[in-house]
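Undergrad: Below you'll find the structure I mean.
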Amino acid sequence: MNSKNDLILEISRKNANINKFAKKIVDDPELRDEIVNLMLNHPQIMVYYHSYYIISRAAKLHPHLFYKYWDDFRSLLNHENSYHRDFALFLLANLTRVDREDKFYPLFEDYFSHIHDQKFSTAQKCIKNTSIILENKEKLREKIINILLYMDKKSNFPEKQKALLKADIIQVFSHIYPHLKDKKQVNDFVKAQLNSRSPKTRKNAKEFVENYLL
1 MNSKNDLILE
11 ISRKNANINK
21 FAKKIVDDPE
31 LRDEIVNLML
41 NHPQIMVYYH
51 SYYIISRAAK
61 LHPHLFYKYW
71 DDFRSLLNHE
81 NSYHRDFALF
91 LLANLTRVDR
101 EDKFYPLFED
111 YFSHIHDQKF
121 STAQKCIKNT
131 SIILENKEKL
141 REKIINILLY
151 MDKKSNFPEK
161 QKALLKADII
171 QVFSHIYPHL
181 KDKKQVNDFV
191 KAQLNSRSPK
201 TRKNAKEFVE
211 NYLL
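Residue numbering for the sequence shown follows UniProt numbering, starting at 1 and increasing by one per position.
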């Protein structure tokens, strides 16, 4: 790269080589800083979205390299742009794998408020990323599971969308189920979805019941 402008131009291309940059930022701290900055601050969607793809790909394999950006990622959690909120939901969840300072605890309520985000797709992403948090924050499992079990009590989404969100919740429960000590509430929740108005939710519930012989 000869300049920042060259970097932006290459990243903004529709066929940008995400893998190439994901590998580069593992070994190049300055480039890593720059791409994080582009995700946080650049106004063009192809730049900030591709920057996110690069960061998320590298962070999945090397989360410790990105822990220093925790506060930067947290700053996106209530961004006016739902894409940026989505970025924060994954990146923070992924960093719970290396959260040696327990930074997730103070933002717990803020994070899970996005199950009721004004944007339905962001609510979905919040639920899906919960699987990662449940793996890494055992002390929070009961609290998180209760939030998921009673999601529709606080949700302002239409009934059709609430039913669809439960498909994602069942997937989360399936992921963590073998590690649960008290399974009854989860079992009851899943069985109740066998008659869901959402075909996807009914399908997930049926597969869950068959997999765990309920």
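By construction, the Cβ of each residue, glycine as well, lies at the ideal position given by its N, Cα and C atoms. Owing to the predicted nature of the structure, the values given are computational and were not obtained by experimental measurement.
Please determine, among N41, K191, H62, the residue with the shortest C-alpha to C-alpha distance to F73.
TA: Position 73 of the sequence shown, counted from the first residue, corresponds to residue 73. For the residues N41, K191, H62, the minimum Cα distance to F73 belongs to N41.
Undergrad: Output yes or no for whether 9 Å exceeds the beta carbon distance between Y67 and L95.
TA: As a position in the sequence shown, residue 67 is number 67, starting the count at 1. As a position in the sequence shown, residue 95 is number 95, starting the count at 1. Yes, the pair counts as a contact, with Cβ atoms nearer than the cut-off.
Undergrad: Nearest to S75 by CA position, among N136, L107, I133, F120, is which residue?
TA: Working through the sequence shown from its first residue, we reach residue 75 at position 75. That would be L107, whose Cα lies nearest to the Cα of S75.
Undergrad: Quick check on the DSSP output: the alpha helix (DSSP H) that includes T130 runs from which residue to which?
TA: The residue labelled residue 130 in the question sits at position 130 within the sequence shown. Note, T130: alpha helix (DSSP H), 120-136.
Undergrad: In three-state DSSP terms, what is E207?
TA: For the purposes of this step, residue 207 is taken as residue 207 along the sequence shown, with counting starting at 1. DSSP places E207 in helix when its eight states are reduced to three.
Undergrad: In terms of residue numbering, what span does the alpha helix (DSSP H) encompassing N146 cover?
TA: Along the sequence shown, read from residue 1 onward, the residue named residue 146 stands at position 146. 141-149 is the extent of the alpha helix (DSSP H) around N146.
Undergrad: With distance defined between alpha-carbon atoms, name the residue in K184, V47, A16 nearest to I145.
TA: The sequence position of residue 145 within the sequence shown is 145, counting from 1. For the residues K184, V47, A16, the minimum Cα distance to I145 belongs to K184.
Undergrad: To the nearest angstrom, how far is the alpha carbon of D152 from that of K162?
TA: For the purposes of this step, residue 152 is identified with residue 152 of the sequence shown, where counting begins at 1. For the purposes of this step, residue 162 is identified with residue 162 of the sequence shown, where counting begins at 1. Straight-line Cα distance between these residues: approximately 6 Å.
Undergrad: Helix, strand or coil for P43, going by three-state DSSP, please let me know.
TA: Counting from 1 along the sequence shown, the entry for residue 43 is found at position 43. Of the three classes helix, strand and coil, the one that applies to P43 here is coil, per DSSP.
Undergrad: Let me know the secondary structure DSSP gives Y116 once reduced to three states.
TA: Along the sequence shown, one-based indexing puts residue 116 at 116. Looking at the sequence shown, residue 116 is not Tyr but His. Helix, per DSSP.
Undergrad: Among the candidates T122, P199, T130, H179, whose CA atom is the shortest distance from the CA of K84?
TA: In the sequence shown, residue 84 corresponds to position 84, counting from 1. The sequence shown places His at residue 84, rather than the Lys named in the question. Checking every option, the nearest Cα to that of H84 belongs to T122.
Undergrad: Report buried or exposed for R32, applying the criterion of at least 16 other Cβ atoms within 10 angstroms of its Cβ.
TA: Translated into positions along the sequence shown, residue 32 becomes position 32. It is buried - the Cβ of R32 has at least 16 other Cβ atoms within 10 Å.
Undergrad: For F66, report the span of its alpha helix (DSSP H) as first-last.
TA: Translated into positions along the sequence shown, residue 66 becomes position 66. F66 -> no alpha helix (DSSP H), and no H or E assigned at all.
Undergrad: Rounded to the nearest angstrom, what separates F189 and L149 at their Cα positions?
TA: Translated into the one-based positions of the sequence shown, residue 189 becomes position 189. Translated into the one-based positions of the sequence shown, residue 149 becomes position 149. Cα to Cα, the separation comes out at about 7 Å.
Undergrad: Give a yes or no on whether the C-beta atoms belonging to A167 and K200 are separated by under 9 Å.
TA: Translated into positions along the sequence shown, residue 167 becomes position 167. Translated into positions along the sequence shown, residue 200 becomes position 200. The answer is yes: Cβ separation under 9 Å.
Undergrad: According to DSSP, is R74 part of a helix, a strand, or is it coil?
TA: In the sequence shown, the residue the question calls residue 74 occupies position 74. In this structure, R74 counts as helix in the three-state DSSP scheme.
Undergrad: Between the alpha carbons of S51 and F112, how many angstroms are there, rounded?
TA: Here residue 51 refers to the residue found at position 51 of the sequence shown. Here residue 112 refers to the residue found at position 112 of the sequence shown. If I take the Cα positions, the gap works out to 25 Å.
Undergrad: Cβ of K4 within 9 Å of Cβ of M46?
TA: Translated into the one-based positions of the sequence shown, residue 4 becomes position 4. Translated into the one-based positions of the sequence shown, residue 46 becomes position 46. The answer is no: Cβ separation not under 9 Å.
Undergrad: Could you check the C-alpha separation between residue 301 and K206 for me, to the nearest Å?
TA: Since the first residue of the chain shown is 1 and the last is 214, residue 301 is not available in this structure.
Undergrad: Is L213 buried or exposed, if buried means 16 or more other CB atoms sit within 10 Å of its CB?
TA: In the sequence shown, the residue the question calls residue 213 occupies position 213. Exposed: under 16 other Cβ atoms inside 10 Å.
Undergrad: Measuring only the C-alpha atoms, how far is P29 from D86?
TA: Walking along the sequence shown from the start, residue 29 turns up at place 29. Walking along the sequence shown from the start, residue 86 turns up at place 86. Cα to Cα, P29 sits roughly 24 Å from D86.
Undergrad: Helix or strand or just coil, what does DSSP make of L7?
TA: Your numbering for residue 7 matches position 7 in the sequence shown. If DSSP states are grouped into helix, strand and coil, L7 belongs with the helices.
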